[in-house]
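Participant:
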Amino acid sequence: MEKDVAQKTAAALKGAGIDFVTYLPETRLSRILPLLEADSAFKLVPTSSEAEAVTIASGAALVGKQPAVYMEGTGLFVCSYNLLTVSIRVGTPILLLISYVGSMADQKNSFRFAPTGLRTEQQLRALNIEYQIAEDPAQVETQLQNATRMMHALKQPVALLFTGAFTL
Amino acid sequence: MNRSACLESLVPHITDQLVVPSVSGQWIWGHLTKEHDGNLLLGSMGNALGVGLGMALGLPHRKVIVIESDGSVLLSLFNLPTLGALKPDNLVVFVFDNEKYSGSRISRPSATAAGTDLAAVARDCGISHAVEVRDLDSFKRESQGALSRQGLGFVVAKVEETLEHRQAERSTADLTENKYRFVRYIERTEGKAVFRGRG
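Going line by line, the protein sequences match chains E and H. With the first letter of the first sequence counted as 1, position 52 gets the number 52 in the working numbering; the numbers rise by one all the way through. To convert, take the position in the second sequence, counting from 1, and add 1000; that gives the working numbering.
(1) Assess contact between the region 1004–1019 of chain H and the region 1032–1050 of chain H, defined as three or more Cβ pairs (one per stretch) separated by less than 8 Å. Is contact present?
(2) Does the beta carbon of H/R1166 come closer than 8 Å to any beta carbon on chain E?
(3) Does chain E have any CB closer than 8 Å to the CB of H/M1055?
(4) Going by CA-CA distance only, name the one from E/Q107, E/N128, E/V86 that's closest to H/M1045.
(5) Terminal residues of the continuous alpha helix (DSSP H) containing E/K3?
(6) Evaluate the contact criterion for the region 7–25 of chain E versus the region 144–152 of chain E: three or more CB pairs, one atom per stretch, below 8 Å.
(7) In whole angstroms, what is the alpha-carbon distance linking H/S1143 and H/H1129?
(8) Is H/A1048 helix, strand or coil when you go by DSSP?
(9) With a threshold of 8 Å between beta carbons, is H/K1209 in contact with chain E?
(10) Could you say which of E/E50, E/F20, E/R28 lies nearest to E/E37 if we only look at CA atoms?
(11) Which residue wins for smallest C-alpha separation from E/V63, given the options H/V1194, H/R1198, H/G1199?
(12) Give the interface partners of H/N1090 over in chain E, defined as CB-CB distance under 7 Å, in chain order.
(13) Run down chain H in chain order and give the residues with a C-beta less than 7 Å from the C-beta of E/F20.
(14) What does a CB cutoff of less than 6 Å around H/G1084 pick up in its chain, not counting 5 residues either side in sequence?
(15) Do you know whose CA, among E/I98, E/A57, E/I56, E/A153, lies nearest E/L124's CA?
(16) Could you check which residue in H/T1189, H/T1116, H/E1190, H/R1170 has the C-alpha nearest to that of H/L1041?
(17) Using only alpha-carbon positions, find the residue among E/I133, E/V78, E/F111 that is nearest to E/E121.
(18) Assign E/A6 to buried or exposed, taking buried as 16 or more other Cβ atoms, counted over all protein chains shown, within 10 Å of its Cβ.
(19) From what residue to what residue does the alpha helix (DSSP H) around H/I1186 run?
(20) Quick check on the burial criterion: 16 or more other C-beta atoms within 10 angstroms. Buried or exposed for H/S1024?
(21) Please classify H/H1165: is it buried, with 16 or more other beta-carbons within 10 angstroms of its beta-carbon, or exposed?
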């Protein structure tokens, strides 16, 4: 992710009202993390597993925070149990910011990621999680606002899959 | 030591704390404190610690209590280093360790029966005040201390296996109804909206 894209994404998260971000860092979107850390509008929570990134965000949602969970696409498979048993079954509005590794437009795609990318959208559909693909940084502000509005309307997790120019 | 007796000893200390039980003792706790709107029912293993941690970070001025079991903590052991790193000073965790998967109905042993010491694991993860207790008086002393002071509390209570939870009265409220009860309680007591968006 290039610096200006990271800045645009971080600003769009703030503009969408996100104020609590749990994460397990990965390669493609990680440049947003120092920006979020430097901005007191965000509570940034490092975790040891995407599973707890989801449960911590869900707990925060239930006390009035507007949380996002930032993870690599592989993490979606790690946290599916927690998404299902807490976020979906109880119903907590959380925004999943997923680095769409292994997707067709992933600029760092390789044999290590393609098998994951092939199954990522299927996994979201199996969980009945509404999602959109974000490829163009010019659209990120609108997409984050739309996704946040949707997560509040559903009171469920909603996902954005970041690929294309976000993976440079 | 008996888990129900431990839970009963906590009841007089419950005022406005937020309480997240895992599957261990959820029905007993729910029955003992059914008037308390600050209980959040999850009905699943491996999630209570994370959810409670999220609440504690989201409302740092409010005390949060998590009621866990050995099997549930073992399922999400990665919570402990995160807890030790973040050290929220408004969170108290009780782990009722009977060394068994009682819910399996055939009481298969958990790893704590083979020697895993959850209080020691917690201390090694940076939860410096983690303690293990084996009798009710010690539980009362440690639990009251943890509830009354600022600081991350972690009390592992070694208890015998009982089947009392199977006889406990169960609420008919499902997870969604329970969630809204909890959320409205937060809104009443914190004076702010929890969920956003247009009506």
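We put the beta carbon where it would ideally sit given N, CA and C, even for glycine.
Facilitator: Per the coordinate set shown:
(1) yes
(2) no
(3) yes
(4) E/V86
(5) 3–15
(6) yes
(7) 12 Å
(8) helix
(9) Only positions 1001 to 1199 of chain H appear in the structure, and residue 1209 of chain H is not among them; the question remains open.
(10) E/F20
(11) H/V1194
(12) The premise fails here: H/N1090 is roughly 11 Å from chain E at the closest Cβ pair, so nothing lies under 7 Å.
(13) G1058
(14) C1125, G1126, I1127
(15) E/I98
(16) H/R1170
(17) E/I133
(18) buried
(19) 1175–1190
(20) buried
(21) buried
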